[in-house]
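Undergrad: Using the working numbering, the letters of the sequence shown correspond one by one to residues 96 to 291.
The beta carbon of each residue, even a glycine, is placed where N, CA and C say it ideally should be.
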Amino acid sequence: MEIVLIILFSYMIGNISPSYIFAKKYKNIDIRNVESGNAGTTNALRVMGKKVALFVFLVDFFKGFFTVFVVKYFWGMDYALVSAVFVVLGHIYPVMLGFRGGKGVATTLGILFCLFIKEILLCAVVGLTLLYIKRYVSLAALVTLFIVNIVIILFNNPLHYAAFTFFIFCIVAYKHNENIKRLINHTERKLGEKKS
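1) Taking Phe152 and Thr136 to be in contact with their CB atoms under 8 Å, please state how far apart those CB atoms are, rounded to whole angstroms.
2) Starting from Val151, follow the alpha helix (DSSP H) in both directions and report where the run begins and ends.
3) Taking Val180 and Leu207 to be in contact with their CB atoms under 8 Å, please state how far apart those CB atoms are, rounded to whole angstroms.
4) In or out: Pro253 buried (at least 16 other Cβ within 10 Å) or exposed?
5) Count the CB pairs spanning the segment 261-279 and the segment 231-251 that are closer than 8 Å, and state whether there are at least three.
6) Where do the ends of the alpha helix (DSSP H) carrying Glu214 lie?
7) With a threshold of 8 Å between beta-carbons, can Lys289 be considered close to chain D, or not?
8) Can you have a look at Leu149 and say buried or exposed, based on whether 16 or more other CB atoms are within 10 angstroms of its CB?
9) Alpha carbon to alpha carbon, how far is Thr162 from Ala201?
10) What is the DSSP secondary structure of Tyr188, reduced to helix, strand or coil?
11) At the level of alpha carbons, what is the spacing between Ile126 and Asp155?
12) So the candidates are Asn280, Ile111, Lys285 and Ile98; which of them puts its Cα closest to the Cα of Ile187?
13) Thinking C-alpha only, which one of Thr260, Phe157 and Ile102 is nearest Phe211?
14) The alpha helix (DSSP H) that contains Gly197, what's its start and end?
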């Protein structure tokens, strides 16, 4: 019964979508129908500006961080990893928004900063450097979330920890399939680049 409650709790917390709420309240629009159509930080930046985008990132980040923190505190690491999967699924496929949510990067980062702080800090340096050089948010995010799985193993964590984080990476990467195609075709928009 505990695992069912953890899954439901994590999934419903994941459903909280600050970009959708802010766009509806202050712009009277559905952010999923404008620009990239994504209910996340990058699209919030394009539609509502830097301040709102920062707030969206922080809410998405900390909903992942605090959800797994609470679960880990009361039930331990293995339950926290299950929670991590479902809070990301709740963000990407929120039942309250017709299963059309964000792409899960900020929420996944929050999870990783809670459960694997040393590993993600190291990988974040790589990701931020890549973002500075290439200015592709999707590329920097995917590279960061991929290599953290390798670092988790190199830091002598149990292999099943990396299995959970790699599964989350696969979910996030799947949601980025159009970005990946555009990266391959050199048509992906850079950070700050206007839609042509």
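TA: In this structure, then:
1) By a beta-carbon distance limit of 8 Å, Phe152 contacts Thr136. Their separation comes to about 4 Å.
2) Val151 -> alpha helix (DSSP H) spans Lys145 to Trp170.
3) Actually they are not in contact, since the Cβ atoms of Val180 and Leu207 sit about 13 Å apart, beyond 8 Å.
4) exposed
5) yes
6) For Glu214, the enclosing alpha helix (DSSP H) has its first and last residue at Ile212 to Lys229.
7) The structure shown contains no chain D; it holds only a single protein chain.
8) Only exposed fits Leu149, as fewer than 16 other CB atoms lie within 10 angstroms of its CB.
9) 13 Å
10) coil
11) 15 Å
12) Ile111
13) Thr260
14) In this chain, Gly197 is not harboured by any alpha helix (DSSP H), its DSSP state being neither H nor E.
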